[in-house]
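Q:
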Amino acid sequence: MNTPVVTRFAPSPSGALHLGNIRTALFNWLYARQQGGRFLVRIEDTDQARSDEASVAGVLRDLAWLGLAWDAGPDREDGQGPYRQSARAALYAKAFARLESQGDAYPCYCTTLELEVARRTELAAGRAPRYLGTCAALNADERAAKLAAGREASLRFRMPAGAVLAFEDLVRGPQRFLADELGDFVIRRSDGSSSFLFSNAVDDAAMGVTHVFRGEDHVANTPRQRAIMSALGVAPTQYGHLPLLVGSAGAPLSKREGSASLQALVQEGFFPEAILNQLARLGHHYADEAWLDVPALVAGFELSALGRAPARFDRVQLLHWQKEAVHRAEPATLERWAKGAVPPQQEAAFVRAVRANLVLPADAAEWGPIVFGELPCASDEMRTLLVSAGGGFFEAALAAISLDEGHVSYSSLVAQLKASTGRTGAALFKPLRASLTHRLDGPEMAALLSVMPAGLVRDRFAAARSLAASSL
Ligand code: GLU
Ligand code: ZN
Numbered sequence: 006m007n008t009p010v011v012t013r014f015a016p017s018p019s020g021a022l023h024l025g026n027i028r029t030a031l032f033n034w035l036y037a038r039q040q041g042g043r044f045l046v047r048i049e050d051t052d053q054a055r056s057d058e059a060s061v062a063g064v065l066r067d068l069a070w071l072g073l074a075w076d077a078g079p080d081r082e083d084g085q086g087p088y089r090q091s092a093r094a095a096l097y098a099k100a101f102a103r104l105e106s107q108g109d110a111y112p113c114y115c116t117t118l119e120l121e122v123a124r125r126t127e128l129a130a131g132r133a134p135r136y137l138g139t140c141a142a143l144n145a146d147e148r149a150a151k152l153a154a155g156r157e158a159s160l161r162f163r164m165p166a167g168a169v170l171a172f173e174d175l176v177r178g179p180q181r182f183l184a185d186e187l188g189d190f191v192i193r194r195s196d197g198s199s200s201f202l203f204s205n206a207v208d209d210a211a212m213g214v215t216h217v218f219r220g221e222d223h224v225a226n227t228p229r230q231r232a233i234m235s236a237l238g239v240a241p242t243q244y245g246h247l248p249l250l251v252g253s254a255g256a257p258l259s260k261r262e263g264s265a266s267l268q269a270l271v272q273e274g275f276f277p278e279a280i281l282n283q284l285a286r287l288g289h290h291y292a293d294e295a296w297l298d299v300p301a302l303v304a305g306f307e308l309s310a311l312g313r314a315p316a317r318f319d320r321v322q323l324l325h326w327q328k329e330a331v332h333r334a335e336p337a338t339l340e341r342w343a344k345g346a347v348p349p350q351q352e353a354a355f356v357r358a359v360r361a362n363l364v365l366p367a368d369a370a371e372w373g374p375i376v377f378g379e380l381p382c383a384s385d386e387m388r389t390l391l392v393s394a395g396g397g398f399f400e401a402a403l404a405a406i407s408l409d410e411g412h413v414s415y416s417s418l419v420a421q422l423k424a425s426t427g428r429t430g431a432a433l434f435k436p437l438r439a440s441l442t443h444r445l446d447g448p449e450m451a452a453l454l455s456v457m458p459a460g461l462v463r464d465r466f467a468a469a470r471s472l473a474a475s476s477l
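Residue 6 is where the sequence shown starts when you use my numbering, and the numbers rise one by one after that.
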């Protein structure tokens, strides 16, 4: 029987989740769900100074909002946690002791200054800096002397000398590193805290994590982490490193392009499914380029469809998916956007009329006054158009609706205007639309008039008539 798939999302709780983190969480979630496996959330808060409780709550809130449910996590312990690294020190202590007793780790007494000098020397000689093994072979007397001299010890992992560390990356394919080039590295800092590399690897192993997707900035950590797992006698986790998200110009994500937090998009009114449709396609190819609901995103997620090409985040694309989501949204959801933007009780009629023009709540705020309140000032283009239509056109429009109460009947308005002015096509429709909305795009006129109060329509025609007349 195959081992069941276990994936995890392991954020460091120091601030809000950004789209890059969310994409990582999503890929781990999609793979777990597609495989019928488990998805864990682990809070990597060993750096106490940079971690805070509000960020932990924010992570869980954001994942829940997106619908990325987790099977175990800091708020849902299942006996295989705890799912916060700050609560796992005893476990790390056991692993340190084991590695040290096996000879796979040793105390290092080098000071920061000594290490820095060595690093610069290597760099100056054109070599990649790495630890040169100063403390790798100290005997008991030498160690005692260092301690007596007041030196503090960190603990270093001893890389297997001469080893070739080869593994298969789930995204990037075969990888190969030389242990000697990586050098021995710190797994416990001199203050006793464990390093990211160490706690992350120990936890992936202890929690039975089988697969991990994470950013490609972690590629070079993998051979070190696999070496730790192997020294601890556990099956190594498989890692896949995703290309980092870039903006549409290929540069790292700017604030405008979405390095902003997820919360910024939530505030703007984006729907979770819109964000998921875009993020799932950044680094993963879905044969179907149309809208996919969440079960379809899950079903279509495949390791073979993961790609290394730069993953471009594009707000225009996001807006496209948002439009698709709006198209599928329940009327009640969109009616909430209209609250406050239209008179009470008019939300449903308003949404029916302008639905095709709503992408975000801001659009409801823009169209609400056009349909029920004040028009924005006319642009020069609109003025020219209204003036050239002539006062007589709007006079005729007013006459055509003089008996309409409640709402204007679009078909009868158009029929009468055609008859009285002889106009058809753009010569008829453009000034009509311009006088009513001060724009040339927007909802179907019939739908608009079915909700706009007749009195307001009259006011708008009258205003257009005076504008046209005053500039004679
Ligand atoms: N806490 C690490 C980070 O946020 C986790 C990296 C990983 O997924 O292994 O970068
Ligand atoms: Zn040392």
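Using N, Cα and C, we set each Cβ at its ideal position, and we do this for glycine too.
These numbers were taken from a predicted model, which means no experiment stands behind them.
Under the assumption that residue 275 contacts residue 327 (Cβ atoms under 8 Å), give the Cβ distance between them as a whole number of angstroms.
A: Contact flag correct, Cβ pair sits at about 6 Å.
Q: Confirm the yes/no value for this check: CB of residue 216, any heavy atom of ligand 1, distance under 7 Å.
A: No - ligand 1 has no heavy atom lying nearer than 7 Å to the Cβ of residue 216.
Q: May I ask whether a heavy atom of ligand 2 can be found less than 7 Å away from the beta carbon of residue 88?
A: Residue 88 Cβ: outside cutoff for every heavy atom of ligand 2.
Q: Can you give me the start and stop residues for the alpha helix (DSSP H) that residue 48 sits inside?
A: Careful: residue 48 lies outside any alpha helix (DSSP H) and carries neither H nor E.
Q: For residue 183, collect the residues of the same chain with a Cβ closer than 7 Å to its Cβ; drop the 5 residues on either side in sequence, then sort them by chain order.
A: So the list reads 169, once near-sequence residues are dropped.
Q: Name the two residues that bound the continuous beta strand (DSSP E) containing residue 406.
A: Counting along the chain, residue 406 falls outside any beta strand (DSSP E), and DSSP gives it neither H nor E.
Q: With which residues is residue 93 paired in a DSSP beta bridge?
A: For residue 93, which the question treats as bridged, DSSP gives no partner whatsoever.
Q: Is the distance from the Cβ of residue 204 to the Cβ of residue 53 below 8 Å?
A: Not a contact, by the Cβ cut-off of 8 Å.
Q: Using a threshold of 7 Å, is the CB atom of residue 219 nearer than that to any non-hydrogen atom of ligand 1?
A: Answer for residue 219: yes, Cβ within range of ligand 1.
Q: On the criterion of 16 or more Cβ atoms from any shown chain inside 10 Å, does residue 146 qualify as buried, or is it exposed?
A: Answer is exposed; the Cβ neighbour count stays below 16.
Q: Among 133, 222 and 237, which residue has its Cα nearest to the Cα of residue 188?
A: Here the closest residue by C-alpha is 133.
Q: State the CB to CB distance for the pair residue 28 and residue 37, rounded to an integer number of angstroms; the pair is presumed to be in contact (CB under 8 Å).
A: Their Cβ separation, rounded to whole angstroms, is 15 Å, which puts residue 28 and residue 37 out of contact at 8 Å.
Q: Sort 180, 120, 106 and 353 by Cα distance to residue 236 and report the nearest one.
A: Of the candidates 180, 120, 106 and 353, the one whose C-alpha sits nearest the C-alpha of residue 236 is 106.
Q: So, under 8 Å CB-CB, residue 487 and residue 456 are touching, yes? Tell me the CB distance rounded to an integer number of Å.
A: An answer regarding residue 487 cannot be provided, because it is not within the stretch 6 to 477 covered by the chain.
Q: Check the C-beta distance from residue 114 over to residue 158 and give it rounded, since I have them as a contact under 8 Å.
A: Right, their Cβ atoms sit about 6 Å apart.
Q: Would you check if there are 3 or more beta carbon pairs closer than 8 Å linking the stretch 331-345 to the stretch 304-315?
A: With the cut-off at 8 Å, the stretch 331-345 and the stretch 304-315 do not touch.
Q: Between the Cα of residue 76 and the Cα atoms of 111, 351, 11 and 309, which residue gives the shortest distance?
A: Comparing Cα positions, the closest option is 11.
Q: Under 8 Å, do residue 179 and residue 173 count as touching if we go by C-beta distance?
A: The answer is yes: Cβ separation under 8 Å.
Q: Any heavy atom of ligand 2 closer than 7 Å to the CB of residue 114?
A: Correct: residue 114 has its Cβ closer than 7 Å to ligand 2.
Q: In or out: residue 447 buried (at least 16 other Cβ within 10 Å) or exposed?
A: By the neighbour-count rule (16 or more Cβ atoms within 10 Å), residue 447 is buried.
Q: Taking 7 Å as the cut-off, is the CB of residue 223 close to at least one heavy atom of ligand 1?
A: Yes, Cβ of residue 223 sits closer than 7 Å to a heavy atom of ligand 1.
Q: What residue from 213, 181, 257 and 258 has the CA that sits closest to residue 227's CA?
A: Checked all of 213, 181, 257 and 258; the closest Cα to residue 227 is 181.
Q: What did DSSP end up calling residue 88 once you bin it into helix, strand or coil?
A: It is coil, neither helix nor strand.
Q: Between residue 144 and ligand 1, is the CB less than 7 Å from at least one heavy atom?
A: No, the Cβ of residue 144 stays beyond 7 Å of every heavy atom of ligand 1.
Q: Starting from residue 162, trace the beta strand (DSSP E) in both directions and tell me its first and last residue.
A: Here the beta strand (DSSP E) through residue 162 covers 159-162.
Q: In chain order, what residues of the same chain lie with their CB nearer than 7 Å to the CB of residue 248, ignoring the 5 residues before and after it?
A: 221, 288, 313, 314, 315 and 316, listed in sequence order.
Q: Just checking my contact of residue 439 with residue 422 at CB under 8 Å: how many whole Å lie between their CB atoms?
A: Not confirmed; about 14 Å, so no contact.
Q: Heavy atom of ligand 4 less than 7 Å from the Cβ of residue 204, yes or no?
A: Ligand 4 is not part of the structure shown, which contains ligand 1 and ligand 2 as its ligands.
Q: Cα-Cα, which of 414, 58, 95 and 429 is closest to residue 211?
A: Per the Cα distances, 95.
Q: What's the gap between the Cα of residue 474 and the Cα of residue 396?
A: If you take the alpha carbons of residue 474 and residue 396, they lie about 5 Å apart.
Q: Cα separation between residue 417 and residue 430?
A: Roughly 16 Å separates the two Cα atoms.
Q: Flag residue 15 as yes when its Cβ comes closer than 7 Å to any non-hydrogen atom of ligand 1, and as no otherwise.
A: Yes; taking the cut-off as 7 Å, the Cβ of residue 15 has a heavy atom of ligand 1 nearer than that.
Q: Quick one: which unbroken alpha helix (DSSP H) runs of 4-plus residues sit fully inside the stretch 270-351? Chain order, please.
A: 277-284, 299-304, 320-333 and 336-343, all fully within the stretch 270-351.
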